[in-house]
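Enquirer:
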Amino acid sequence: MAAPLVDVLFERVAQSADAIVFTRGSDRWTNSEFLATCLRLASRLREQTGDGAAIAVSAESQALLPFLIWSTVIAEIDLWLLPALPAGAPQLEQASGLPVRIIYSDGPAFVADDRWQPLASLLSNLPVDSIHRPDSSRQAAFVFQTSGTEGEPKSIRCEHWQFAQVLRVMRECGALNHAISTQVYLSQPLPHSYGLCSFLEYCAAGGSVVLPPERSPLGPAGDLMQMTSSIQAIEGVPYFWSQFAKLRSRLDLPELRHLGIGGGRVDALVMKAVLTRFPDVTVSVRYGLTETPSVATHKVYTPPHGADWISSGRVVPAYEVEIQDTSDQVVPDGTEGEIVIRGDCVAAPSGILRTGDLGYFDQQRELVVTGRRSAFIKRRGFRLSPETIESAATRCDDVVDCRAIGVDDRLILEVVCQTELSAARLLDQLRALLPATMVPDEVRRVAAISRTFSGKIKRS
Amino acid sequence: MIKAETLQEVLNLVAAAMPGADRAILQEDTNLYDLGLDSTTAIGLMLEIEERFVITIPDSMITDESFQTPGALSAVVGSLIAA
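So the sequences go chain by chain: A and B.
Our numbering puts the first residue of the first sequence at 6, with every later residue one more than the last.
Our numbering puts the first residue of the second sequence at 20, with every later residue one more than the last.
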């Protein structure tokens with residue numbers, strides 16, 4: 006059994022009490038200030054919940070989440086991380102069924118539920134004398150609510166010890182070297198599994214976390230325009246990097262040395278644009294699912310950067326990854342099949358996760374992810390990857406966003422355009438980029454592409 | 020005072036950037052957030068405005084209020100053209 010997750014926090018204080026652990030706007034906390042506050046908050050949360058009860062949080066603002074995250078680790082309380090809930094959202098009904106004692110939110114009061122508490126009150130009137138010291142072996146967890154790319158929302162319970170074990174292995178194998186003593190800008194929300202995982206990774210590596218001040222109408226990439234230039238690393242999902250690429254000429258980041266990509270593959274042209282502006286940075290690419298804290302595979306690309314962004318890297322030794330065919334048999338390297346992840350740290354029954362993703366191991370035993378098994382579109386006997394079609398379409402003139410779908414053996418491309426759509430011109434451009442079997446039968450203009458909480462295209 | 024031609028051009032750019040926004044209903048005081056303006060669209064709209072009017076909107080003017088209505092955006096453009 007690995008050392009408890011809370012040791013990450015105690016180690017930070019022991020190494021450097023005065024180092025900054027996280028910053029948001031003009032507010033910043035040293036390791037010792039942060040730990041002292043978390044210990045007091047943990048004490049109150051434990052009093053309020055008693056043994057075994059859980060807490061949920063639904064917040065648009067990230068400001069207080071680091072305190073809540075670490076306090077629930079100290080207090081050994083389950084923390085349900087919910088998407089931010091706008092007023093009147095149907096998810097409120099879902100929240101009413103959660104097995105939790107308190108629901109913290111910065112949204113409108115959920116009047117039908119007396120468990121609802123304003124997040125702004127989290128640090129008010131904390132107990133001075135009563136400090137909770139973790140001493141139990143209770144296996145508390147972070148519980149993610151994923152919206153699901155293909156089906157129903159689901160809850161995934163990742164226990165603290167699983168995070169602790171994976172973080173220890175990542176440190177030992179050098180997968181956190183880029184994060185050591187690094188000031189990182191985390192663009193993705195902390196309730197997102199990639200957001201929480203990268204937050205914990207930089208905490209474990211002695212990094213300093215900067216959270217978006219959430220002031221700019223241009224989103225987290227726009228927030229960067231108005232921030233100090235001491236940022237050394239940035240973590241983001243593909244959606245963020247698209248925005249970052251558009252604003253790249255406006256960003257003054259002289260200390261930037263690392264970019265982290267999570268949550269999916271970034272389009273090659275977006276990466277090219279980003280790296281033309283910041284050619285000397287290293288880039289980490291990761292593969293994992295919510296059920297695999299923190300990542301299952303990992304690779305750091307170093308400059309000079311080429312056009313090859315295919316591999317998601319080697320397996321983190323906390324996990325075993327294999328590729329299986331449709332008969333559940335392991336296939337040789339180089340052969341495509343379903344990615345299956347095993348290990349004690351996998352948050353799935355029996356520690357086995359059939360990911361639903363397709364991929365293969367290349368000659369260097371690095372994982373190449375090719376798509377989702379169920380997302381493939383079948384048309385006229387051909388199995389087509391929607392991601393490949395969408396990636397090509399986003400290179401075409403004026404296409405802002407798009408989704409490929411199959412309807413009645415026809416391939417349809419839904420597009421969001423900034424100008425009047427010329428379907429004929431778009432199809433001409435696609436014929437130059439794609440094999441004939443992958444050119445859509447029809448192009449439809451839509452107002453927006455429906456995406457999940459984490460920015461992935463909804464497939465159902 | 021916002022120049023009529025500046026406002027008209029901003030309205031055209033807003034309509035082009037937001038396919039869901041019907042040009043016929045777009046007015047000077049239409050709330051763009053109510054029409055679904057998100058961060059990605061706002062970035063595209065800002066870049067289009069900067070290119071069309073040959074201006075650079077300073078960071079201090081990139082606020083929620085500046086993007087709230089075509090009128091507010093036109094006021095930003097007008098102040099930068101006049102400067």
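Here a beta-carbon is modelled for each residue, glycine too, at the ideal position from N, C-alpha and C.
Using only CA atoms, which one of A:P113, A:D111, A:L87 lies nearest to A:V105?
Expert: A:L87
Enquirer: Select from A:S66, A:E65, A:L50, A:R33 the residue whose C-alpha is nearest the C-alpha of A:A59.
Expert: A:L50
Enquirer: Let me confirm a value: A:F387 is counted as buried when at least 16 other C-beta atoms fall within 10 Å, else exposed. Which label applies?
Expert: Exposure of A:F387 is indicated by the presence of fewer than 16 other C-beta atoms within 10 angstroms of its C-beta.
Enquirer: Measuring straight from C-alpha to C-alpha, what distance separates A:V18 and A:S37?
Expert: 6 Å
Enquirer: Using a Cβ-Cβ distance cut-off of 8 Å, determine whether A:P95 contacts chain B.
Expert: Reliability of the predicted coordinates at A:P95 is poor, the pLDDT of 49 falling under 50, and no value is obtained from them.
Enquirer: From what residue to what residue does the beta strand (DSSP E) around A:K251 run?
Expert: That residue, A:K251, is in no beta strand (DSSP E); its alpha helix (DSSP H) goes 243 to 252.
Enquirer: Spatial neighbours of A:G224 within its chain, please: CB distance less than 7 Å, with the 5 preceding and 5 following residues excluded, ordered by chain position.
Expert: Q248
Enquirer: Would you call the CB atoms of A:L363 and A:S317 closer than 8 Å?
Expert: In this structure, A:S317 does not lie closer than 8 Å to A:L363 by Cβ.
Enquirer: Could you name the residues that DSSP lists as bridge partners for A:K461?
Expert: Per DSSP, none; premise fails for A:K461.
Enquirer: Where do the ends of the beta strand (DSSP E) carrying B:K22 lie?
Expert: Counting along the chain, B:K22 falls outside any beta strand (DSSP E), and DSSP gives it neither H nor E.
Enquirer: In angstroms, rounded to a whole number, what distance separates the CA positions of A:L46 and A:V62?
Expert: 15 Å
Enquirer: List the residues of chain A that B:S58 touches, going by C-beta distances under 7 Å, in chain order.
Expert: Chain A residues near B:S58: P222, L223, G224, G227, Q248.
Enquirer: Could you work out which residue in A:R464, A:G348, A:E240 is closest to A:S390 when comparing CA atoms only?
Expert: A:R464
Enquirer: Under three-state DSSP, which class holds B:L64?
Expert: helix
Enquirer: Where do the N-terminal and C-terminal ends of the alpha helix (DSSP H) with A:D406 fall, by residue?
Expert: Careful: A:D406 lies outside any alpha helix (DSSP H), inside the beta strand (DSSP E) at 404 to 412.
Enquirer: Please report whether the beta-carbon of B:T82 lies at a distance below 8 Å from any beta-carbon of chain A.
Expert: yes
Enquirer: Report the three-state DSSP secondary structure of A:P218 (helix, strand or coil).
Expert: coil
Enquirer: Three or more beta-carbon pairs under 8 Å between the stretch 283 to 297 of chain A and the stretch 310 to 326 of chain A, yes or no?
Expert: yes
Enquirer: Please report how far the alpha carbon of A:G293 lies from the alpha carbon of B:R42, in whole angstroms.
Expert: 43 Å
Enquirer: What is the rounded straight-line gap between the Cα of A:I462 and the Cα of A:A380?
Expert: 11 Å
Enquirer: When you compare only the Cα positions, how much space is there between B:F86 and A:E425?
Expert: 23 Å
Enquirer: Output yes or no for whether 8 Å exceeds the beta carbon distance between A:G241 and A:I266.
Expert: yes
Enquirer: Mind pulling the alpha helix (DSSP H) runs of 4 or more residues that sit fully within the stretch 225 to 304 of chain A?
Expert: 243 to 252, 273 to 282
Enquirer: Quick test of the definition: if touching needs 3 or more C-beta pairs under 8 Å, does the stretch 337 to 346 of chain A touch the stretch 305 to 315 of chain A?
Expert: Flag = no, the stretch 337 to 346 of chain A and the stretch 305 to 315 of chain A do not touch.
Enquirer: Can you check which of these residues, A:V405, A:D83, A:T28, is closest to A:F204 by C-alpha distance?
Expert: A:T28
Enquirer: Over the uninterrupted alpha helix (DSSP H) stretch that includes A:S198, give me the two end residues.
Expert: 198 to 209
Enquirer: Just the C-alpha distance for A:S21 and A:R120, rounded to the nearest angstrom, thanks.
Expert: The alpha-carbon of A:S21 is positioned some 38 Å away from that of A:R120.
Enquirer: With a threshold of 8 Å between beta-carbons, can A:M230 be considered close to chain B, or not?
Expert: yes
Enquirer: Within 10 angstroms of the Cβ of A:D272, are there 16 or more other Cβ atoms? Answer buried if so, exposed if not.
Expert: A:D272 comes out buried.
Enquirer: So what does DSSP say about A:G93, is it helix, strand or coil?
Expert: Because A:G93 carries a pLDDT of 48, less than 50, the predicted location of this residue cannot be relied on, and the following value inherits that uncertainty. Of the three classes helix, strand and coil, the one that applies to A:G93 here is coil, per DSSP.
Enquirer: Tell me the DSSP bridge mates of A:R449?
Expert: A:E419
Enquirer: Using a Cβ-Cβ cut-off of 8 Å (strictly less than) and excluding sequence neighbours within five positions of A:T360, which residues of its own chain qualify?
Expert: L294, E343, I344, V345, I346
Enquirer: Using 8 Å for Cβ pairs, my map puts A:L40 next to A:L69. What's the rounded Cβ distance?
Expert: Not confirmed; about 16 Å, so no contact.
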